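For the sequence shown, the working numbering assigns the number 55 to the initial residue and increments by one for each residue that follows. For every residue, glycine included, the Cβ atom is placed at its ideal position computed from N, Cα and C. Just so we're clear, the structure is a prediction, and the values are computed from it rather than from any experiment. Written below as structure tokens is the structure these notes are about.
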Amino acid sequence: MQTISSIPEMQTRVGSLRAAGKRVALVPTMGALHDGHLSLIRLAAGRADAVMVSIFVNPTQFGPNEDFTRYPRELDADLQKCEAAGAHVVFTPGAEDIYPKGFSTFITEEAVARPLEGVSRPAHFRGVTTVVAKLFNIVRPDLAVFGQKDAQQVAVIRKMTADLHLGVEIVVGPTLRDADGMALSSRNRYLTPAQRADALSLGRALRRAKEMVAAGERRVDRLVAEATHLLAQHRRVRVIYAAIVDRDTMEPVREATPGKTLMALAAWVDEVRLIDNEPL
Ligand code: PAF
55 MQTISSIPEM QTRVGSLRAA GKRVALVPTM GALHDGHLSL IRLAAGRADA
105 VMVSIFVNPT QFGPNEDFTR YPRELDADLQ KCEAAGAHVV FTPGAEDIYP
155 KGFSTFITEE AVARPLEGVS RPAHFRGVTT VVAKLFNIVR PDLAVFGQKD
205 AQQVAVIRKM TADLHLGVEI VVGPTLRDAD GMALSSRNRY LTPAQRADAL
255 SLGRALRRAK EMVAAGERRV DRLVAEATHL LAQHRRVRVI YAAIVDRDTM
305 EPVREATPGK TLMALAAWVD EVRLIDNEPL
């Protein structure tokens, strides 16, 4: 496995792979890799000849009071994990290369990015789409792999990719959960054991919604009421949103439709902001 931090070197490396007829996959990450990321790398390895993993803590997708400075950075451990999972190249650009002095061009998706996360984190998806478009331009992958855990991010990236004719196949890997139902996330490490115990209610609320839909419930108000009731039993949990939405547009729906809708949750667990979702 090779580690490359220079953009021109990355372009040359990918150019030679493509010239040799190799199918190239990109797994964009911000590092602090957990088993969820590794499952995405393995998924990419099963579908491409060459797997590129990018590790870049992207400053433009963090709000002014968010956790950019304390976001975990652990490159050595990440590189070992990437190699074990089957990555061929890890791309670790510097912020000054991705956003050179005077940088003033952003990509904004203006519909799917609006609801849910877009309400409380208004500049977040602009940062995500901008950096992902840059990574696509640098790596020019045939396919890129993202996790279902960030369902709205997936929908926004799909829309951007289609709208801008980027020609990258978007592949989505399922959310990985610990045995207790907690969705794997780099931010889980911020939780104390007591906070984590309360945070498990997010996964429980989603499971309950899924069970209710499987038993025939379609009414959105019933599903949301049950989920918020479960969450409200935990004093550290404050719900930011609990919504049943169309999985492509992220717009609220009138009723749950299996295969087309998902329940999306965001909550503060004390000062830690968590998101989770479940296709219904
Ligand atoms: O999901 C993430 O880790 C990030 O939002 C991404 C896609 C790597 C863009 O910085």
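{"Check": "Asn-119 beta carbon near ligand 1 (any heavy atom closer than 7 Å)", "Outcome": "no"}
{"Check": "Buried or exposed (CB count within 10 angstroms, at least 16 for buried), Gln-56", "Outcome": "exposed"}
{"Check": "Segment contact, 8 Å Cβ cut-off, at least three pairs: the stretch 230-249 with the stretch 77-93", "Outcome": "yes"}
{"Check": "Selection from Pro-247, Ala-205, Thr-246 that minimises the alpha carbon distance to Thr-229", "Outcome": "Ala-205"}
{"Check": "Contact test: Asn-242 Cβ vs ligand 1 heavy atom, cutoff 7 Å", "Outcome": "no"}
{"Check": "For Thr-146, the residue or residues it bridges with in DSSP", "Outcome": "In the DSSP output, where bridge partners are listed per residue, Thr-146 has none listed."}
{"Check": "Minimum C-alpha distance to Ala-187 - residue among Pro-176, Ala-263, Tyr-153", "Outcome": "Tyr-153"}
{"Check": "Outcome for Gln-207 when other beta-carbon atoms lying within 10 angstroms are tallied against a minimum of 16", "Outcome": "buried"}
{"Check": "Straight-line Cα distance separating Gly-148 from His-142", "Outcome": "20 Å"}
{"Check": "Ala-310 and Leu-334 closer than 8 Å at C-beta", "Outcome": "yes"}
{"Check": "Contact under 8 Å by Cβ, Met-317 with Leu-277", "Outcome": "yes"}
{"Check": "Stretch-stretch touch, CB-based, cutoff 8 Å, three pairs: the stretch 262-281 with the stretch 220-234", "Outcome": "no"}
{"Check": "DSSP three-state assignment for Gly-172, whether helix, strand or coil", "Outcome": "helix"}
{"Check": "Where the alpha helix (DSSP H) through Pro-247 begins and ends", "Outcome": "247-268"}
{"Check": "Counted within 10 angstroms of its Cβ, other Cβ atoms place Leu-129 as buried (16 or more) or exposed", "Outcome": "exposed"}
{"Check": "Any non-hydrogen atom of ligand 1 within 7 Å of Val-186 CB", "Outcome": "yes"}
{"Check": "Rounded separation between Arg-83 and Val-107 - CA only", "Outcome": "The residue you asked about is not Arg; residue 83 is Thr in the sequence shown. Near 7 Å, if we compare the C-alpha coordinates of Val-107 and Thr-83."}
{"Check": "Identity of the residue in Pro-62, Glu-332, Glu-325 nearest Val-193 by Cα", "Outcome": "Pro-62"}
{"Check": "Per-residue DSSP class, three states only, for Ala-318", "Outcome": "strand"}
{"Check": "Proximity test, Pro-335 beta-carbon vs ligand 1 heavy atom, cut-off 7 Å", "Outcome": "This structure cannot speak to residue 335, because the chain is shown only from 55 to 334."}
{"Check": "Nearest to Glu-332 (by Cα), restricted to the options Leu-189, Thr-159, Gly-201", "Outcome": "Gly-201"}
{"Check": "Simplified DSSP state of Met-55, which is helix, strand or coil", "Outcome": "coil"}
{"Check": "heavy atom of ligand 1 below 7 Å from Gln-206 C-beta", "Outcome": "no"}
{"Check": "Reference Gly-100, options Ala-259, Val-199, Ala-248, Thr-282, closest by Cα", "Outcome": "Val-199"}
{"Check": "beta-carbon Gln-115 near ligand 1 non-hydrogen atom, thresh 7 Å", "Outcome": "yes"}
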